[in-house]
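Line by line, the protein sequences give chains F and P. Here the first sequence is numbered in numbering that gives the first Met the number 0, starting from 0 and rising by one per residue. Here the second sequence is numbered in numbering that gives the first Met the number 0, starting from 0 and rising by one per residue. For reference, the structure is listed below as structure tokens.
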Amino acid sequence: MAKHKTDNLDELKNGKWPSFVKELEKASEKSERTKDLLGQLEKSYVDGINYWKHGGMVGVRGYGGGVVGRFSNLPEEFPGVKECHTARLLPVPGLFYTSDILRKLSDVCDKYAGAIFNFHGSTGDIQILGFKQEDAEEMFQDLIKIGFDLGGSGSALRTPSCCVGPARCEWACYDTLNACREITNHFIDEVHRPPFYYKFKIKFSGCPIDCTASGARSDMSVVGIWKDNIKINQKAVEDYAEQFDIQKYVVDLCPSKCIKYKDGILKIDDNYCVKCMHCISAMPKALSPGDEKGAQLRLGAKAPIVEGPRLGFVLVPFYDINKDMKEGYPFFTDLVQRIWDFWDEYGKNRERIGELVQRVGIGNFLEEIGMDPSPAMVAHPRTNPYIRFEEYFEEEEEGNEKK
Amino acid sequence: MGKQLERITDIGVIDYKDFLPPIIKNNYGKWEYHEVIRSGVLMHVSKNGEKLYSVRVGSPRLLSTDTIRAFAGLAEKYCGGYLRFTTRNNVEFLIDNKESIDPLIKKVTAMGFPVGGIDNTLGNIVHTQGWIHCHTSASDASGVVKAIMDELYDYFVEPVLPAKVRLAFACCLNMCGSVATSDIAIVAVHRRPPKIDHEKLRNICEIPTIISSCPVNAIRPATVNGKASVEVDEDLCFYCGNCFTVCGAMPIADKLNDGLAIFVGGKVSNVRTKPSFSKLAIPFISNNPPRWPEVVDAVRTILDAYKKGARKGERVGEWIDRIGWPRFFETTGFEFTKYHIDDFRLAETTMNYSNHVTL
């Protein structure tokens, strides 16, 4: 029996796409809190505004994040959502689950929270919705017992995420699942105890198709790439030639015009290939990434707040992440640490790393973290002559007098 | 005391190896190629010749424990208990026995969950929490998504678009969804500067923090009724809400003036063209719950024009780049206004410095 009248939300039970309202209703059969969540949501639909309070400290002992506080602005009307907090859990890398673990997670969610999840939140956490501060500690320990730790929130390393990688993709140039797990664990303190000016995100994609959107969403984007030649199976090329026009749909669309298809033979001048993945994804049986695999790092992507959205720029055109993996990722973790040290030294409140390096100049940033500039980092060199030279000749310096 | 000692923290990320189906363990890193064998079903073939079938199922992201258990039950019945989620809120059942595909699809569609979202489809919408669970939201998220996917359901289940279309929704400019770089991006916006509760501000906020939170220096110290507070230069404010995020005494949500903006033509992947931001198509549509019909119409208009005009394989942004923005506004009928011309940080880079114009 519904506790609140929800005419607007009832309308969203119609239609072919699965309804979140039906999910909330199922959950509300188990949870008084979710009943009031539906009631408050209906009021938002009528009034055109949300009814959540700003902020409020919640959490578990010793952690500075992982639990996001939500308090209703209308606790008298909807007592169930007076407290209605979210727990973010580090997901299984690659988002693989078994029926057994999903049932265990559901049991915890039913016991302490609103019988409702976000599978998954935008950053990739499993989110358990609708519990109270007084239950947070016990719920956390129950989650730990089944193997799940809390993820990041606030000015922390947010829960890193990865694509499906070598578990189910032939294009993965490194083990994204391993990298995601090991590197998250290396920096687990930065996940749990926010040390930064603002959030920092790391995402791992196995190839430049970038299924985690790392280049657009993560301060540090790790994208798999190869250095040598694309592998060609000419027999499979012949098969594709019977299915579609290779000249029109593959050769002509190559951004660096480095493919030739003549007399039934496909040739690639890999010296000019930018590894865009078009030809490989158009003919997956015929073409595949080369053998010399590694990763490319891009820095500084972010959403609009504060200084506008940014995409990540190339920081490291290629490095051998597969070798780094065998050693426990020393190159990657050292580099990230140097970047964080720089941020710590020069950043300001709520300034993301991409905004900071823009403010101080990317050249200066590179110098500080000990990295050489590379033409791969820029779309083109500067077009203006306003160069801040750091050196000039003095008249009296030896050797500089006009002869 | 004893109890405290038992407390466990910082266990880190769970080991994914415990959750991989045997066929994946056997073929980890050994996949050779994949094919879409029917709408919503991928076949990955390994170098050993083993075949893994993934059935992709759309979900509303917000899932009850009942539904999670029902998915678990299906996984047990048809695929040894193994399933995964995608980065776009789909569920994928991981099947090593081809015979199980049809019965699984029958069961899961009977439960009301669609199979599709692969290749040239409208993929499931990445979205945020909205009014359901967020204090900075300028709109609901799940409701708009539901309304759009109900209307464009056929584009999810059948791959009939020129290329894949990625739609994302964010309920404020924080953009928790990967909105800024989508084929179609919908973002909820405010249109009025924050209202200041001076009494509350004094008690709960730090004035220097508020002032430095503003990207356009629109917030200045002010003395109100003899007490320290701030004032907002309404000519400069563009309603990003960052001041509200740092100070709860500056609410910006406004039932009359909150709504949605639609951006188009962005992409994340490096395939053919570089990743790019989505660009403004419609600056503002008022919130109109429960089904936001004007927003659904606008998305339908974009997709219809794209479907009609794009070449096979062209993403929305590639299509617009080829036909030019004047043609885009002409074919969609959307009005081009002064709001479409950028006036923020990188504005100068967005003008047309050439004689290249379609007339």
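C-beta: ideal position from N, C-alpha, C; glycine also.
Asked: Member of K347(F), A285(F), L310(F) whose CA lies at the smallest distance from the CA of E34(P); Found: A285(F)
Asked: Sub-8 Å separation of Y111(F) and D148(F) beta-carbons; Found: no
Asked: Inter-residue spacing [alpha-carbon to alpha-carbon] between V224(F) and D6(F); Found: According to the sequence displayed, residue 224(F) carries Ile and not Val. The alpha-carbon atoms of I224(F) and D6(F) are separated by roughly 52 Å.
Asked: Sub-8 Å separation of A294(F) and V222(F) beta-carbons; Found: yes
Asked: Collapsed DSSP secondary structure at H339(P) in the structure displayed; Found: helix
Asked: Test: N47(P) CB closer than 8 Å to a CB of chain F; Found: no
Asked: Span separating the alpha-carbon of S152(F) from that of E189(F); Found: 10 Å
Asked: Reference F116(F); option with closest CA among Y152(P), N269(P), I67(P); Found: I67(P)
Asked: Positions along the segment 363-387 of chain F whose CB lies within less than 7 Å of some CB in chain P; Found: none
Asked: Assigned exposure category for E241(F) - 16 Cβ within 10 Å defines buried; Found: exposed
Asked: Close beta carbons around L19(P), own chain, < 8 Å, minus the five adjacent residues each side; Found: Y27, Y81
Asked: Residue ranges of each alpha helix (DSSP H) within the segment 126-207 of chain P, 4 or longer; Found: 141-150, 152-156, 197-203
Asked: Where T222(P) sits in the DSSP three-state scheme; Found: strand
Asked: Residue-level contact to chain P via CB, F147(F), 8 Å cutoff; Found: yes
Asked: Helix, strand or coil at N383(F) according to DSSP, with G and I counted as helix; Found: coil
Asked: Nearest neighbour of F19(F), chosen from P192(P), L62(P), D196(P) [CA to CA]; Found: L62(P)
Asked: Cβ distance (whole Å) where E293(P) is taken to contact I284(P) below 8 Å; Found: 5 Å
Asked: Check whether E350(F) and Y239(F) have beta carbons under 8 Å apart; Found: no
Asked: Length of the line joining the Cα atoms of D65(P) and P288(P); Found: 27 Å
Asked: Own chain partners of L176(F) with C-beta closer than 7 Å, once the 5 adjacent residues on each side are dropped; Found: P92, G93, C161, G164, A166
Asked: Within chain P, the residues that C275(F) reaches when beta carbons sit closer than 7 Å; Found: N269, V270, R271
Asked: First through last residue of the alpha helix (DSSP H) which encompasses A304(P); Found: 292-308
Asked: Chain P within 8 Å of D268(F), Cβ atoms only; Found: no
Asked: At least three beta-carbon pairs within less than 8 Å, the segment 294-310 of chain F to the segment 251-268 of chain F; Found: no
Asked: When Y385(F), V80(F), L89(F) are compared against R32(F), the one with the closest alpha-carbon; Found: V80(F)
Asked: Distance CB(H185(F))-CB(G64(F)) smaller than 8 Å; Found: no
Asked: Closest residue to L36(F) among K103(F), W16(F), F130(F) (Cα-Cα distance); Found: F130(F)
Asked: Any alpha helix (DSSP H) of 4 or more consecutive residues that is wholly inside the segment 27-99 of chain P; Found: 64-78
Asked: Residue range of the unbroken beta strand (DSSP E) whose run includes G223(F); Found: 219-225
Asked: Cβ neighbours of G1(P) in the same chain (closer than 6 Å, five flanking residues each side left out); Found: Confidence in G1(P) is poor, its pLDDT being 49 and thus under 50, which makes the residue's placement too unreliable to answer from.
Asked: Endpoints, beta strand (DSSP E) assigned at W251(P); Found: The amino acid at residue 251(P) is misidentified as Trp; the sequence shows Ile. Counting along the chain, I251(P) falls outside any beta strand (DSSP E), and DSSP gives it neither H nor E.
Asked: Spatial distance of S212(P) from E75(F) (CA atoms); Found: 33 Å
Asked: CB contact check: F112(P) to chain F, cutoff 8 Å; Found: yes
Asked: Per-residue DSSP class, three states only, for A378(F); Found: coil
Asked: Reduced DSSP category for F388(F) - H, G, I as helix; E, B as strand; rest coil; Found: coil
Asked: Proximity test, Cβ basis, 8 Å: Y260(F) and chain P; Found: no
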